[in-house]
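So the sequences go chain by chain: A and B. Residue -1 is where the first sequence starts when you use my numbering, and the numbers rise one by one after that. Residue 56 is where the second sequence starts when you use my numbering, and the numbers rise one by one after that.
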Amino acid sequence: MKFTFWKALGFLLVLPLAAWAANPALAGRWRLDPKRSTALDGWTAWDLVVSLEGTRVDLRHDMQWRATKLTATNAVDTAKPTTVPDFFRVEQRHMALYPVRGALTPMRAEWLDSERTLRVEATPQIESSQGTGPMRIYQELRLIEGDQELLLIELHSTRGKPLVYRFTKVIGEK
Amino acid sequence: MNRFIIALVWVVFSSAGLRAAGTDAGPVKPAARASWVMNFDSDWLVAKGLPEKIMLLSLQGLANRAAPQIYVVHPKEFQWEITGPLFEFYQRKHGVVFTEVKTAEAALALFSHHAKGYVIWEPAVPATMNVAFTIAGLEDALVVTAEQVMQVEKFGLKRIDDLRGRYTGQTDAQIYRDAYARYWARCTHDSIMLMGGHVGAVRMPAMADWGVRQKMFFHDLSANPIHPEEVALGKKLFSEMTPLGTVFGWHSYGKDTEEQHTTLLSGYGLRMEGLHNLPNLSFNCQFTFTPGFRFTNNHQVALDAKLTAQQKVYISFVQSDSIGIGVWTKPGRGKLPFGWQVTVNWTKFSPAALEYFHESATKNDYFIGGLSGPGYMYPNHIPADKFELLMADARLLMATLDEHIMEIMDNSAADGNVGNADLTKETVDRYYKAFPDVIGFINGYGPARTRDLRDTRAMISYDYYIDPRRPREEVAADLNELIAINAKRPYFLLVHVRESNDVNSLVEITKQLDGPVEIVPIDAFLKLAASNKTYTTRYQDPADPKHFKGF
């Protein structure tokens, strides 16, 4: 009984600590290196801007398609699952797959590998020609040694091929 | 002297043709006719090769007024890849005996008598090129720079006008307002030449011969709302055109977008025929179909056939960038069933080109009508009172071309080839009413989500657009993802193939697809889609994002 109590207490103490243990090296602006990444489709540029505040991680996407610019932020919390409206997915824009307007997207995030990896899971609703349905998205944002490069690996429950994006830290731009 | 030589050559060739036609026991050969061909290079630099080409294009337009005399063959890398194959076609099917004209000097020696003089344009003021082309059509003038004056005066040509200095420091809106006041009333109002396209160091007005021949008003006015004065003048011109008229050429790459300009002209019930570098229309328009020729499409299903879809994925490929560009001449055509959107208006001004495409079609090549009507237009913006008149014309042209499918495209709210390419329900209603006898409709350029099924006629939008630059393994992964997400069977996956793809690479992609997949011709595809509606009915939602909200 005592053992179970202490174990539970320890678990409760450790979990929030892990959740709070954000890695500040992830914060900042990261710019896609298109030559070393899976080809974007319908986007010509992508900056990922990461902000950390406690257990909250804001993943802002500054996207560009020719002269068109778009900014969208997915906020996650490493301490608890969240539900976000208007989840933004860097989609392959020449596919007839669309976000469902107004749908809420469950999201979870967790620090892994001594806080060098942020795992993000999201399940947005996607509209296709046959209707709407969920797509499970699994992402790992891995800091590369030296903290000047970031690797984003993305898996879809509907796609057999991972999407692999490499980013370089941008200094001096917010 | 020159006229005498031309007449002599004409008589010799004509009589030779008559003899050939009279003595052959086999198929009747066409009577021989003499024409001349120039081989252009790829130098369209304003500071280098452009002035000579402009002079030659104005000469081509004038020389081809009464008879098809000058044809231009462009290098293989030119956007319109058919000039070479069509050159061969004219010789073989129309008995044209071409003599090569190797230099501008030689062209002037042969044809300068078709001009009454010359007009000088000023490269430092780009709009003067278009004003000069307008004058060329009205006054039978060659368009030259100051440096070319001596060259044309050698052939007895006199100065008709000189635009140097007239428009220095003026905006394009001011220049074209002046041109409007001076020339528009005398120009044809049936059509107009939007000579835009490339801007800056390179310009490519290869369609100018057609505008000169037809006495069109040339301009490159912007349809971008950030240029309100130009938009206002453009609207004025469009409003004064003959109803259902044609806008030839293409928008200026430096001022506005294809979406903005096509939206603007569609709002006046006009039709677009591009591009600005489509060559040889002044020549092509003078040939009809060869005797006995009749379009017969490679129908895989009859109009009244009923097909039943199986539990599988049906894929169909369509190329809609006008068949003269791109995939047609690339390797591998014929290996997959392919739908080709024909710009049906070519029946009127480039019938030989259409005959060439039909003649060289394989059993896997199938022609469909478009784009949106008798020419390129955005139907969400066509005024209601003009829609039926335009579509009546489209029906006639499609009947001539033995086409059973209408392709629709409305990118007025899209951002290039991504974004909102959907049709309003009102627009869909109009198409179903206007085309009671088609197999069905397809919609989009990039992907879209307008879908419907009424009686036996399905309307399906593209679920995928193949960007030619996208790695083939990613294309296969994209298609497989669509197949996974659209899990009901049958799934109807319509794919738009961008002009510069080649069919061989598509064959490789199809080998990497998951599940029970069948590639079918577009007519069978639409019939199958009518048999089992696993897709949703959807139209443009007013709440859908619009990149350009219109005028």
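Note that the Cβ used here is the ideal one computed from N, Cα and C, for glycine as well.
*Nearest-angstrom Cβ-Cβ length linking residue 421(B) and residue 394(B), presumed shorter than 8 Å*: 5 Å
_Three CB pairs or more closer than 8 Å across the region 214 to 230 of chain B and the region 252 to 266 of chain B_ = no
*Reducing DSSP to helix, strand and coil, say where residue 274(B) ends up.*
strand
*Can you pull the chain A residues whose beta carbon is under 8 Å from the beta carbon of residue 516(B), in chain order?*
Listed by position along chain A, the residues whose Cβ is nearer than 8 Å to that of residue 516(B) are 94 and 127.
*Name the one or two DSSP bridge partners that residue 326(B) has.*
301(B)
_Beta-carbon spacing of residue 504(B), residue 39(A) below 8 Å_ = no
*asked:* Let me see if you follow: with CB-CB separation under 8 Å, is residue 322(B) close to chain A or not?
replied: no
*List, in order along the chain, the chain B residues whose C-beta lies closer than 8 Å to that of residue 39(A)?*
Here the neighbours are 522, 525, 529 and 533.
*Between residue 246(B) and residue 266(B), what straight-line distance do the alpha-carbon atoms span, to the nearest angstrom?*
Looking at the two C-alpha atoms, the distance is approximately 9 Å.
*Straight-line CA distance for residue 374(B) to residue 403(B)?*
22 Å
*Among residues of its own chain, excluding the 5 on either side of residue 172(A), which ones have a beta-carbon nearer than 6 Å to its beta-carbon?*
none
*When burial is assigned at 16 or more other CB atoms within 10 Å of the CB, is residue 213(B) buried or exposed?*
Around the beta carbon of residue 213(B), fewer than 16 other beta carbons sit within 10 angstroms, so the residue counts as exposed.
*Going by the C-beta, is residue 563(B) closer than 7 Å to any heavy atom of the ligand SAH?*
Among the components of this structure there are no ligands whatsoever, and the ligand SAH is therefore not found.
*asked:* With the cut-off set at 8 Å, would you say residue 301(B) and residue 284(B) are in Cβ contact?
replied: Contact: no.
*asked:* Could you check whether residue 558(B) and residue 388(B) sit closer than 8 Å to each other, using their CB atoms as the reference points?
replied: yes
*What does residue 176(A) touch in chain B if you count any residue whose Cβ is under 7 Å from its own?*
Chain A is shown only over -1 to 172; residue 176(A) falls outside these bounds and no answer can be derived.
*So, using beta-carbon positions, are residue 520(B) and residue 475(B) closer together than 8 Å?*
no
*What residues from chain A crowd round residue 541(B), counting only those whose CB sits closer than 7 Å?*
126, 127 and 128
_Is the beta carbon of residue 500(B) closer than 8 Å to that of residue 464(B)?_
yes
*Range of the contiguous beta strand (DSSP E) that encloses residue 59(A)*: 54 to 63
*Under 9 Å Cβ-Cβ, which residues of chain A neighbour residue 602(B)?*
66
*Which of the residues in the region 470 to 504 of chain B, read from start to end, lie with their CB under 9 Å from any CB of chain A?*
470, 471, 472, 473, 474, 499, 501, 502, 503 and 504
*So the alpha helix (DSSP H) residue 365(B) belongs to, where does it begin and stop?*
No alpha helix (DSSP H) contains residue 365(B), which DSSP labels as neither H nor E.
*In whole angstroms, what is the alpha-carbon distance linking residue 202(B) and residue 575(B)?*
As the crow flies, the alpha-carbon of residue 202(B) is around 58 Å from that of residue 575(B).
_For residue 559(B), the three-state DSSP class (helix, strand or coil)_ = helix
*Taking Cβ positions only, does residue 536(B) come closer than 8 Å to chain A?*
yes
*Going by C-alpha distance, which of 263(B), 268(B), 295(B) and 316(B) is nearest residue 282(B)?*
316(B)
*Which residue comes first and which comes last in the alpha helix (DSSP H) that contains residue 549(B)?*
Run containing residue 549(B): none in the alpha helix (DSSP H); it sits in the beta strand (DSSP E), 546 to 552.
_By the 7 Å beta-carbon criterion, what residues does the region 138 to 163 of chain A contribute toward chain B?_
154, 156, 157, 158 and 159
*Hey, how far is the Cα of residue 44(A) from the Cα of residue 139(A)?*
15 Å
*Which residue from 382(B), 397(B), 169(B) and 337(B) puts its Cα closest to that of residue 460(B)?*
397(B)
*Keeping to the same chain, check which residues put their C-beta closer than 7 Å to that of residue 19(A); ignore five residues upstream and five downstream.*
109 and 113
*Any idea what DSSP makes of residue 511(B), helix, strand or coil?*
coil
*If you measure beta-carbon to beta-carbon, which residues of the region 567 to 601 of chain B are closer than 8 Å to chain A?*
569, 589, 590, 591 and 598
*Contact check, residue 103(A) vs residue 121(A) under 8 Å by CB: the rounded distance?*
6 Å
_CA-to-CA distance, residue 502(B) to residue 371(B), given in whole angstroms_ = 14 Å
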